Amino acid sequence: MVSKKANHCKRFLIPLINSTLMRRVKTGVAGFDSLVEGGLLSPGVYMVSGAPGSGKTTFGMHFLLEGARTGERGLYMTLTEDPKNILAAQYRFFPDLIDIVKDNDILFADVREIHQRKFREEISAADKILSLDIRPVSGRDVISLIKTYVEDLGISRLVIDSLAMVGFGSSLNDPAHEALQKGMFVRALKDFDLTVLLISEMLDPDRYGIEHYIVHGIILLHHFLKEDKMIRALQIIKMRGTKHDDNLHPLTISSSGLSVGVSPLRF
Ligand SMILES: Nc1ncnc2c1ncn2[C@@H]1O[C@H](COP(=O)(O)OP(=O)(O)OP(=O)(O)O)[C@@H](O)[C@H]1O
Ligand SMILES: [Mg+2]
275 MVSKKANHCK RFLIPLINST LMRRVKTGVA GFDSLVEGGL LSPGVYMVSG APGSGKTTFG
335 MHFLLEGART GERGLYMTLT EDPKNILAAQ YRFFPDLIDI VKDNDILFAD VREIHQRKFR
395 EEISAADKIL SLDIRPVSGR DVISLIKTYV EDLGISRLVI DSLAMVGFGS SLNDPAHEAL
455 QKGMFVRALK DFDLTVLLIS EMLDPDRYGI EHYIVHGIIL LHHFLKEDKM IRALQIIKMR
515 GTKHDDNLHP LTISSSGLSV GVSPLRF
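Numbering of the sequence shown is given in my numbering, commencing with residue 275 and proceeding in unit increments.
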């Protein structure tokens, strides 16, 4: 008979053993995977952060296309942009994207629209005024949608664009409560058997939030001016369980998408 103490130990050991069995999944971004021992550990939650136009959406699309090519269905959740606009822009980089979307190997969820529709129904049922429809999409709303997509559609890869549009505010207006909600959101993402890219707007190194500490990895896309020339670069800020450098690597955006230089940028 297994003692109570042994059972207690088993509870803690099993997750540790499982974590050593994690696999690596390729992002499909040329040059990136070799910087992180072949790919991202899966399951895992990774933040892709950068300035406007730095290539965040394109990074996410490479990642989903790579999944589609290797039999992993992906979901792109947009919280502001209409998926049609994303498709129209990304089709320029990836001409086979439309067929892949038609085959349902990559799905798009217009979270804002889904949320507003649901909320409008609630409002009309309660006979309230439509213009009150200003409630942001909450972390809980997003998690419950993901649960449905995982259970009903068997997705393996997920991109959330973007974290800034998920509402974590509280009526208490308490920063600690907001931080706790963000932390619980990332933890809930980790509980799915998914590889998740969490797109976030530009990272201010002086203002790390709880989410930066909890995610498995942070990929930073830079776009800055040097001697009258705009430079694009990629930097891996952290990648748990993975050997990587913390240099800036040259990043190119061309008609075939993103490409990362293996040798660090020299200044
Ligand atoms: N054919 C191309 N060659 C080089 N660069 C291109 C090409 N097409 C688009 N770009 C650049 O790539 C950028 C698109 O990157 P992307 O949409 O992935 O950035 P983002 O970080 O998601 O932007 P945002 O913050 O607006 O969401 C464009 O803003 C443009 O600067
Ligand atoms: Mg974008």
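Note that the Cβ used here is the ideal one computed from N, Cα and C, for glycine as well.
Since the structure is predicted, the reported quantities are computational estimates derived from the model, not experimental observations.
Local Cβ density within 10 Å of residue i, reported as buried at 16 or more and exposed below that
| i | result |
| --- | --- |
| GLY531 | buried |
| ALA438 | exposed |
| GLU485 | buried |
| LEU406 | With a pLDDT of 48 at LEU406, under the threshold of 50, the predicted position of this residue should be treated as unreliable, though the coordinate-derived value follows. Per the 10 Å Cβ criterion, exposed. |
| LEU349 | buried |
| GLY413 | buried |
| VAL536 | exposed |
| GLY515 | exposed |
| GLY327 | exposed |
| SER529 | exposed |
| LEU427 | exposed |
| GLY443 | exposed |
| ILE291 | Residue placement at ILE291 cannot be trusted, given a pLDDT of 48 that sits under 50; what the coordinates show is reported in the next sentence. With fewer than 16 Cβ atoms within 10 Å of its Cβ, ILE291 is classed as exposed. |
Cβ-Cβ distance between residue i and residue j below 9 Å
| i | j | result |
| --- | --- | --- |
| VAL416 | PHE466 | no |
| HIS496 | LEU525 | yes |
| ALA323 | ILE493 | The sequence shown places Ser at residue 323, rather than the Ala named in the question. Going by C-beta atoms, SER323 is nearer than 9 Å to ILE493. |
| ILE388 | LEU419 | yes |
| GLY431 | PHE337 | Residue identity check: residue 431 is Arg in the sequence provided, not Gly. Yes; because the gap between Cβ atoms is below 9 Å, this pair is in contact. |
| LYS456 | GLY483 | yes |
| LEU363 | MET476 | The sequence as given places Ala at residue 363; Leu does not occur at that position. Going by C-beta atoms, ALA363 is not nearer than 9 Å to MET476. |
| HIS569 | GLU340 | There is no way to answer for residue 569, as the model of the chain reaches only from 275 to 541. |
| LYS242 | PRO317 | Since the first and last residues shown for the chain are 275 and 541, residue 242 lies out of range. |
Cβ-Cβ separation, residue j to residue i (assumed contact under 8 Å), whole Å
| i | j | result |
| --- | --- | --- |
| TYR423 | ALA383 | 7 Å |
| VAL303 | LEU314 | In fact, because the Cβ distance is near 11 Å, the residues do not count as touching under 8 Å. |
| PHE367 | THR332 | 6 Å |
Cα-Cα separation, residue i to residue j
| i | j | result |
| --- | --- | --- |
| LEU371 | MET335 | 9 Å |
| VAL319 | ILE374 | 24 Å |
| LYS512 | HIS523 | 14 Å |
| ARG481 | VAL489 | 15 Å |
| LYS358 | GLU452 | 32 Å |
| GLU501 | ASP520 | 23 Å |
| ASN378 | ARG347 | 8 Å |
| SER474 | VAL440 | 11 Å |
| THR469 | LEU539 | 29 Å |
| ARG391 | ILE380 | 23 Å |
| ILE510 | MET321 | 10 Å |
| ILE527 | GLU425 | 35 Å |
| PRO410 | LYS376 | 30 Å |
| VAL534 | ILE429 | 27 Å |
| PRO369 | ARG297 | 29 Å |
| TYR365 | TYR487 | 34 Å |
| GLU471 | PHE541 | Checking the displayed sequence, the identity of residue 471 turns out to be Leu instead of Glu. Computed Cα separation, rounded: 30 Å. |
| ALA342 | ASP478 | 33 Å |
| ARG386 | SER436 | 11 Å |
Heavy atom of ligand 4 within 8 Å of residue i beta-carbon
| i | result |
| --- | --- |
| MET335 | Although ligand 4 was asked about, the structure shown includes only ligand 1 and ligand 2 as ligands. |
Three or more beta-carbon pairs under 8 Å between the segment 447-454 and the segment 307-326, yes or no?
no
The segment 497-515 touching the segment 351-363, judged by at least three CB pairs closer than 8 Å
no
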